[in-house]
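Okay, so here's the structure we're looking at.
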Amino acid sequence: MIWIWDFLKKRWFSAALVVLLLLAFARKNLRINVGGSTAPAPKEQPEKYTREKSIAQGSSLLNLGADETSGSLRLSAPDDATAMAFLKRFSQVAVAEQKKFGMPASVLLACAYVNSFAGRRDCTVQANNYLAVRCSADWGGPVVTCAGACYRQYNTPWESIRDFNVQLSKREWYAHLKKSAKNNWRAWLKTLAEKGASDVVNFEGEAVKVIQKYRLDELD
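Numbering (my numbering), first residue to last: 94 to 313.
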């Protein structure tokens, strides 16, 4: 112990300097609460969409195609195996949603297929958003940003599909279309295209090809 004391008397300045550096480092890297314990870092909260964060929105359906990026996306066609797996996965969901909301299962399935690039689009992979529904001022849930655009985020694919149907069913024209078109999937696609239900180039034509190629109208 004597040699330690002698060392400190001779090297007191260096020892003090080392202690100060250690204290400075500890204060920088630890959050100390009143009781002296390490405080946990605050949890990161999901980003919320607000009017202040948005660019002026258009009047298109569910904000799809409401900005300068509308109509600029082209469907990246998957291989047949990927397409069949997607359509099989959501076919029964589409049938169940038709019974509840009236939109033909073929139309809903084609919308999800085109707008999500058969499940491969960024907003689908990152946010379970299979209809590419954009953010809006009345959306209180989490959001994600993909390719500079804000999209709603869902916990499951089903929530995405249900939200799409709920929002559509609130439109004044929806009830009329349900009565006049019934299972006329071409009439449904034409109206949805006119209302801006997609930001994909030639949405109506792409959806028609999907329905015809895979005979989705047999689900209606």
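Just so you know, even glycine gets a beta-carbon here, dropped at the ideal spot from N, CA and C.
### Query
For residue 267, which of helix, strand or coil comes out of DSSP?
helix
Cβ atoms of residue 254 and residue 178: under 8 Å apart, would you say? no
**OP:** Can you check DSSP and say which residues form a bridge with residue 243?
**Re:** 238
Taking DSSP's pairing of strands, which residues face residue 293 in a bridge?
166
Quiz item: At least one CB of chain C closer than 8 Å to the CB of residue 240: is that the case?
Solution: Structure shown: chain C not included; a single protein chain is present.
### Query
Buried or exposed: where does residue 220 fall if 16 or more other Cβ atoms within 10 Å of its Cβ makes it buried?
buried
Reducing DSSP to helix, strand and coil, say where residue 213 ends up. coil
Is it true that the region 202–216 meets the region 233–246, where meeting means three or more beta-carbon pairs spaced less than 8 Å apart? yes
Exercise. Helix, strand or coil: which one does DSSP assign to residue 308?
Worked result: coil
Practice problem: Output the boundary residues of the alpha helix (DSSP H) element that contains residue 224. | Solution: Counting along the chain, residue 224 falls outside any alpha helix (DSSP H), and DSSP gives it neither H nor E.
- Query: Mapping DSSP to helix, strand and coil, what is residue 250?
  - Reply: helix
- Would you kindly work out how many angstroms separate the C-alpha atoms of residue 248 and residue 227, rounded to a whole number? 16 Å
Which residue marks the beginning of the alpha helix (DSSP H) containing residue 196, and which one marks its end? Careful: residue 196 lies outside any alpha helix (DSSP H) and carries neither H nor E.
In the DSSP assignment, the alpha helix (DSSP H) including residue 232 goes from what residue to what residue?
Careful: residue 232 lies outside any alpha helix (DSSP H) and carries neither H nor E.
Worksheet item: Where does the unbroken alpha helix (DSSP H) through residue 275 begin, and where does it stop?
Response: First-last for residue 275: undefined, no H or E at that position.
Item to complete: Given a cut-off of 8 Å, decide if residue 198 and residue 312 are closer than it, judged by their beta-carbon atoms.
Response: yes
Which of the three DSSP states is assigned to residue 256 in this structure? helix
| query | Rounded to a whole number of angstroms, what is the C-alpha to C-alpha distance between residue 280 and residue 201? | reply | 13 Å
Going by other Cβ atoms of all chains shown within 10 Å of its Cβ, with 16 needed for buried, is residue 278 buried or exposed?
buried
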